[in-house]
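Numbering-wise (my numbering), the sequence shown opens with residue 92 and increments by one.
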Amino acid sequence: MTDTIKLLLNLRSLRVISRECSLEELEDGLNKLTQVVNERTQEEQQHRAENKEKNEKIAAYREMLLADGIDIDDLLQSMNTKPKESKRAPRPAKYKYIDETGQEKNWTGQGRTPNFLVDKNLEDFLI
Numbered sequence: 092m093t094d095t096i097k098l099l100l101n102l103r104s105l106r107v108i109s110r111e112c113s114l115e116e117l118e119d120g121l122n123k124l125t126q127v128v129n130e131r132t133q134e135e136q137q138h139r140a141e142n143k144e145k146n147e148k149i150a151a152y153r154e155m156l157l158a159d160g161i162d163i164d165d166l167l168q169s170m171n172t173k174p175k176e177s178k179r180a181p182r183p184a185k186y187k188y189i190d191e192t193g194q195e196k197n198w199t200g201q202g203r204t205p206n207f208l209v210d211k212n213l214e215d216f217l218i
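In structure tokens form, the structure reads like this:
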């Protein structure tokens, strides 16, 4: 909480501050605070009304689905299915070499050049 809110919510602090203010200033502050509270109350009521309307619609749709014999889980599952992306076939290897560890490896010619082949003539390793 900020210091201002702590001050407003503490009765003792308010009494101390009220001694430093005139009655007109206190009444003006009360009017402004009352206006802010009323605005906030209206916002909260509107938010509750919107949520109530939304929940009523959800309940109505749920009842319609159940009346038609549709399971909600099936409906959700059907909405979440995305067409599977087809993967392209892997590229065939273009080069074959034996690395420093003695393992035979292949390289398609795409991506980074393996360290073993960097300073070598690639035509010597074509498959």
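In this text, a Cβ means the ideal position worked out from N, Cα and C, and glycines have one as well.
The model shown is predicted, which means the values in this text are computed figures rather than measured ones.
- For the pair of segments examined, the stretch 195-211 was found to touch the stretch 164-184: the number of CB pairs separated by less than 8 Å reaches three.
- One thing to note: Leu117 has its Cβ within 8 Å of the Cβ of Ser109.
- Look at Glu116 here: in three-state DSSP terms it is helix.
- From the listed residues Leu166, Phe216, Met170, Leu124, the smallest Cα separation to Leu100 is found for Leu124.
- By the beta-carbon neighbour count (other beta carbons within 10 angstroms, threshold 16), Tyr152 is exposed.
- Checking the DSSP bridge columns, you'll see Leu217 partnered with Tyr186.
- In the three-state reduction of the DSSP assignment, Asn197 falls in the strand class.
- Distance from the CA atom of Leu217 to the CA atom of Glu176, rounded to whole angstroms, is 32 Å.
- For the alpha helix (DSSP H) assignment, the uninterrupted runs of no fewer than 4 residues enclosed by the stretch 136-187 are, from N- to C-terminal side, 163-171.
- Within the same chain, and ignoring the five residues on either side of Ile189 in sequence, the residues whose Cβ sits closer than 6 Å to its Cβ are Glu195.
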